[in-house]
Structure formats: C-alpha cells, structure tokens
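Note that the working numbering gives residue 281 to position 274 of the sequence shown, counting from 1, and the numbers run on in steps of one. Every residue, glycine too, gets a C-beta built ideally from N, C-alpha and C. Report on the structure given below.
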Amino acid sequence: MEAAEASRMRALARQIADDVLFPAALAVDAADRVPPAQLDLLAAEGFYGVAAPPEPGVLGRDLPLLAALLESLASGCLSTAFVWLQHHGPVLAAAVSERPGIRETWLRPLTLGVRRAGIALAGLRSPTAPMRVRAVDGGYLLDGAVPWVTGWNMIDTMYTAARDAHDDVHFLFVDAADAPTLVTTPLELVAVQASRTVDVRFDGHFVPADRLADVRPYAQWSSSDTSGSALNGFLALGVVNRCCRLLGPSPLDAELAATRAALLAADADALPAARAAATDLVLRATAQLTVQTGARAVLRDNHAQRLLREAAFLLVFGNRPAIRDALLTRLRTMPAQGPQDFSARR
8 MEAAEASRMR
18 ALARQIADDV
28 LFPAALAVDA
38 ADRVPPAQLD
48 LLAAEGFYGV
58 AAPPEPGVLG
68 RDLPLLAALL
78 ESLASGCLST
88 AFVWLQHHGP
98 VLAAAVSERP
108 GIRETWLRPL
118 TLGVRRAGIA
128 LAGLRSPTAP
138 MRVRAVDGGY
148 LLDGAVPWVT
158 GWNMIDTMYT
168 AARDAHDDVH
178 FLFVDAADAP
188 TLVTTPLELV
198 AVQASRTVDV
208 RFDGHFVPAD
218 RLADVRPYAQ
228 WSSSDTSGSA
238 LNGFLALGVV
248 NRCCRLLGPS
258 PLDAELAATR
268 AALLAADADA
278 LPAARAAATD
288 LVLRATAQLT
298 VQTGARAVLR
308 DNHAQRLLRE
318 AAFLLVFGNR
328 PAIRDALLTR
338 LRTMPAQGPQ
348 DFSARR
C-alpha cells in the first residue's frame, strides 16, 4: 500500500474509533451483537481488504499498518475490533492459495467485505480429539468440535482446519450457518459478548471439494502456531491506548510506545515475551484507570469497568503456552510492598 494511502487509513481508523465506536462502546458491550452499521462502515471504507498482499505472488503483509488500525479500532470498541480481526486470516489464505479457483472465487468478495469470514482453527489444538476430515465423492466430511469461533450470525464463512488420517491439515472455506450436521453453542464471556463467540460441532458435515484452500503437514502448521500472533497483542494495546487518553498524561504513555515497538520488532523467539508485556500493561492500565475513576468505576455505565473486564478477557485470549508462561513469570515477579513499606510511611 502506498505511504499516502496507509497514512489516510490510519487517520480514518482513529476518526472512526473516536467518533463512532467509542461513543457506542458501552451500548455494544451490553448488546448481543456488534451493530451491523459498524461493520458495514469498516467494509465501505476498505478495512476488510487491508490484509491482502499488494499483488499476486507477494506473501508479505503490512504488519505495522494492520497493527495501527487494530490498535485504533480496539481503542474505540474491543468487540467490533475483535470481530473485524478474525477476517484477515481468511483474506490472506485466499490471496496465497495455489488451489484452483480459490483466489479467483474468494479474494475479491472477502477484500470488499461482501463476504465476511471468521476462523475455526482451534479444533486442531485438542490433544485428544482434534478436528478430523476425510475425503468423499465431491468433497470432504468434517467431524469434531471447534471452540472459540467468533462472529456467528455476522459472518458467512469459516476458515476451518481439520486433520486427515495422514496427519495433513486441510483448510476449507465452510459456510457459517447452522445445519443438522453443524451445531453451535453460544458462550457467555466476561467481555466482548457482542462478538457472538460460539463453540461449533461438526457431525459428518459435507464441504464441496472446491472449498479446499490449502493442505499442509500438521507438524508444519503446529510449528508456525507455537509462538502465537503479534497482531493479537494490539487488541490489548488498543485498550491501553484508550486508558491513557482517559487518564491524561502519565508514565503509561511511554510504556505504551515501548511495548508497541517491541511487538512490531519481535521475531518468533521474542514474541511470547512481547505479547506478555502487552497483556501485563493492559492489566495495569485498566486497574489504574479504575482506581483513579473511583467508586463510579464499578457502575455499568462507566468505561472503566468495561475496560477492566476487557483486560481480564485479554489475559487469556490468543495465548500459547510460551506466552502464558512469560506472563505468569511477569505477574509472579512483580515487586511487592511488604509490611516494612507501610511502617516507613507512618
């Protein structure tokens, strides 16, 4: 993307967050879904296509731009940003697919937001009952459960992964609609309830052969999944961003800038620590906002309580074992003030 266009998109994301998303965030927090108008606005302004490579054959994506947009949108409304985030993996998958017809059929509708997608990948991580796929005449049958599918009734497509008998992972574009062989169970979340996150169970669910986007060995997928995603960390930084603006100038501003830079620069080895730092920061920022706000922070019409609940959600969202361990280490080694500190203040 040209520098001028990227700059325009960054400014537009900040404007949408401040003028549209943040004023409605408390109402969305209490609703059962993100308002269609908010997602339609993001589609109309081109935000559904920002993950697509600039040209065929280019595998990279503009992480700094995506990160900036996600941080801005999450500073306005985490529920809206969370639903929007899920779409970009399917966009990139369609863009780089070498399967016949996938790019031609799926990429343009996805980048325009005409089709809206979520991901159903977590079923691969079950150590005892992973999602399974088997070939049949004309396509594939899916069996198993996928937890944490976000955007139900707001998306029309799930980018779904399942393993075959040879331990190869099949990635398929699956219609996101309840059926006799596809049953969903809504989840009650501490925050982002409007994201309509569900568990999905497949029972011999048929998917046509032309929906297959990719096949790769499970070991290869698992290796790439181990460190988690840097992009997910910018949901936390979006919440920190909003806290900083509600608090006014404070040392958190410099921490936010440093944590952002570390996330953008992190390689696979450094990523767990960078993600843990972002999550640690969102917990401290929302706690500081709650204390500074005072008693009104616990009222449901106050942003502090919403942001604090969102921090609780972000403590565990998108974690991998290495991220969890790094975060626990940070939390366990935080300096503690013992009795001697209190006596010194008397």
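According to the DSSP assignment, Val214 belongs to the beta strand (DSSP E) that extends over Val205 to Pro215. Non-local C-beta neighbours of Cys251 in its own chain, meaning closer than 8 angstroms and more than five positions away in sequence, comprise Ser257, Leu259, Asp260, Leu263 and Ala292, ordered along the chain. Nearest C-alpha to Gly56 among Glu317, Ala127 and Leu99: Leu99. For Arg141, the enclosing beta strand (DSSP E) stretches over residues Arg139 to Val143. Contact between His177 and Val140 is confirmed by a C-beta separation of about 5 angstroms, below the 8 angstroms threshold.
Under DSSP, Pro224 shares a beta bridge with Asp175. Put simply, the backbone Cα of Leu238 is about 30 angstroms away from that of Val305.
The DSSP assignment places complete alpha helix (DSSP H) segments of no fewer than 4 residues inside the stretch 20–86 at 29–36, 43–51 and 70–83, in order along the chain. In the DSSP annotation of this structure, the continuous segment of the alpha helix (DSSP H) that includes Gly96 starts and ends at His95 to Val103. For Ala265 and Asp150, the gap between their C-alpha atoms comes out near 44 angstroms. Cβ atoms of Val207 and Ala124 stay farther apart than 8 angstroms, at about 14 angstroms. With fewer than 16 other beta carbons inside 10 angstroms of its own, Arg223 counts as exposed. Burial state of Glu317 is buried, judged by a 10 Å Cβ sphere holding 16 or more other Cβ atoms. Residue burial annotation: Glu105 is exposed, with fewer than 16 other C-beta atoms found within 10 angstroms of its C-beta.
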